[in-house]
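This is how it looks when you write it as structure tokens:
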């Protein structure tokens, strides 16, 4: 677990990346509910077109996702950039997320490609996700 001592810590971006990887790995390995501790108490999270606010709503979503035992996924993070807000001590991590879903034959097929933005806040427990928003990488064509 990462534990920043100050918001300006040089390894903050790497620590935030590690939190994102831990979150996605929890989903991919079938224990999504364990990722709840990676969010701040008042976190905002957009998932599957739903706007979730606070840990209770996020907890319910993660429990539902964990119950989808037939949905096996692999999240691939690409084109990652970070920005640090030195005034507020926040780190924003933008990335393209490629979501692969396993089919009945055991092959992983691209389900979607998403633009993601995660804002991280330092807490006594380490860097935590304060906001996480996803949008389609490309808008649907007519």
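Residue numbers (our numbering): 14 to 155. Every residue gets a Cβ at the ideal spot worked out from N, C-alpha and C, and that includes glycine. Predicted, not measured: the structure shown is a model, and the values here were computed from it.
What distance in whole Å lies between the Cβ atoms of residue j and residue i, which are believed to be in contact at a cut-off of 8 Å?
i, j, result
"residue 87", "residue 108", "Actually they do not touch by this definition, with Cβ atoms about 15 Å apart."
"residue 78", "residue 45", "4 Å"
Would you mind sorting residue i into buried or exposed? The rule is 16 or more other CB atoms within 10 Å of its CB.
i, result
"residue 32", "buried"
"residue 54", "exposed"
"residue 62", "exposed"
"residue 42", "exposed"
"residue 103", "buried"
"residue 141", "buried"
"residue 135", "buried"
"residue 27", "exposed"
"residue 101", "exposed"
"residue 122", "exposed"
"residue 29", "buried"
Taking DSSP's pairing of strands, which residues face residue i in a bridge?
i, result
"residue 146", "130"
"residue 66", "57"
"residue 116", "DSSP, once it has assigned bridges, lists no residue as partnering residue 116."
"residue 78", "None; residue 78 has no bridge partner."
"residue 88", "112"
"residue 103", "98"
"residue 122", "114"
"residue 136", "139"
"residue 52", "142"
Can you give me the Cβ contacts of residue i inside the same chain, cut-off strictly under 6 Å, excluding the 5 residues immediately before and after it?
i, result
"residue 146", "59, 130"
"residue 14", "Because residue 14 sits at a pLDDT of 49, beneath the cut-off of 50, its placement in the model cannot be relied upon, and the following sentence gives the value as read from the coordinates. Cβ within range, chain order: 139."
Which same chain residues, not among the five before or five after residue i, have their C-beta less than 8 Å away from its C-beta?
i, result
"residue 71", "49, 52, 56, 58, 65"
"residue 126", "109, 110, 111, 112, 149, 150, 151"
"residue 94", "106, 107, 108"
"residue 34", "90"
Once the 5 residues before and after residue i are set aside, which same chain residues still bring their CB inside 7 Å of it?
i, result
"residue 68", "49, 52, 54, 56"
"residue 24", "none"
"residue 132", "103, 105, 143, 144"
"residue 116", "122"
(request) Kindly confirm or deny that the stretch 108-125 and the stretch 77-86 touch, where touching means at least three C-beta pairs closer than 8 Å. (result) yes
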